[in-house]
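Enquirer: For my numbering, count along the sequence shown from 1 and bump the result up by 182. Sending over a structure as structure tokens; questions will come in a sec.
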Amino acid sequence: VLRAFPGAKSEFKPHERSNSARQLAWTFVMEQGLMMGALSGQLKITGKFPPAPESFSAIIDQFEQDFGKVTALAESVSDESLDETVRFFTGPGQMGDVPRIDVVWFALSDQIHHRGQLSVYLRMAGGKVPSIYGPSADEPWM
Numbered sequence: 183v184l185r186a187f188p189g190a191k192s193e194f195k196p197h198e199r200s201n202s203a204r205q206l207a208w209t210f211v212m213e214q215g216l217m218m219g220a221l222s223g224q225l226k227i228t229g230k231f232p233p234a235p236e237s238f239s240a241i242i243d244q245f246e247q248d249f250g251k252v253t254a255l256a257e258s259v260s261d262e263s264l265d266e267t268v269r270f271f272t273g274p275g276q277m278g279d280v281p282r283i284d285v286v287w288f289a290l291s292d293q294i295h296h297r298g299q300l301s302v303y304l305r306m307a308g309g310k311v312p313s314i315y316g317p318s319a320d321e322p323w324m
């Protein structure tokens with residue numbers, strides 16, 4: 183979905199209160215950072231995301247680099263270590279001890295949600311929606 187999005191339209195947003203496609207793509211990178219922090223046991227919540235790069239392609243490149251790191255880290259940690267806790271959000275304005283695996287699942291589930299959101303942006307921005315969960319109107323299987 184990231185590679186399919188027309189980079190020239192990275193500032194597209196369907197509503198004034200919505201994030202731009204560029205900001206939404208940066209969310210994927212930040213969530214991978216959450217996963218890496220949780221998997222390593224060194225999660226640091228600082229408040230706000232750092233600003234997104236101006237270049238949509240730079241965001242995609244960062245996402246792909248970090249994907250390899252997250253994958254390698256996930257493959258290297260023990261099952262037992264995933265039950266250890268890190269400080270994470272437990273409610274509005276609250277932090278608490280949360281199992282590392284729960285933070286990873288939270289970030290992964292949120293990425294799935296935002297991928298669906300970005301696929302709607304993609305269609306609205308004139309791009310072709312790839313086969314994500316099965317055939318799409320742009321990539322039929324038959």
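Yeah, the Cβ is synthetic: ideal placement off N, Cα and C, and Gly gets one too.
F245 lies in the alpha helix (DSSP H); which residues open and close that run?
Expert: Segment 238-258, the alpha helix (DSSP H) holding F245.
Enquirer: If you follow the beta strand (DSSP E) that V268 is part of, which residue opens it and which one closes it?
Expert: 267-273 is the extent of the beta strand (DSSP E) around V268.
Enquirer: Per DSSP, what kind of secondary structure is Q224 in: helix, strand or coil?
Expert: Here Q224 sits in coil by DSSP.
Enquirer: Report all residues from its chain with a CB closer than 8 Å to the CB of T272; omit the five preceding and five following residues, and keep chain order.
Expert: Contacts found: G278, V280.
Enquirer: Use the C-beta contact count for S313: other C-beta atoms within 10 angstroms, 16 or more gives buried, fewer gives exposed.
Expert: Label assigned to S313: exposed.
Enquirer: Round the Cβ separation of V183 and S318 to the nearest angstrom and send it over; I've been treating them as touching at under 8 Å.
Expert: V183 to S318, Cβ: 10 Å. No contact.
Enquirer: Express the C-alpha separation of W208 and S202 in angstroms, rounding to a whole number.
Expert: So the alpha carbons of these two residues sit roughly 10 Å apart.
Enquirer: Select from K310, P188, I294, A220 the residue whose C-alpha is nearest the C-alpha of D284.
Expert: Comparing Cα positions, the closest option is A220.
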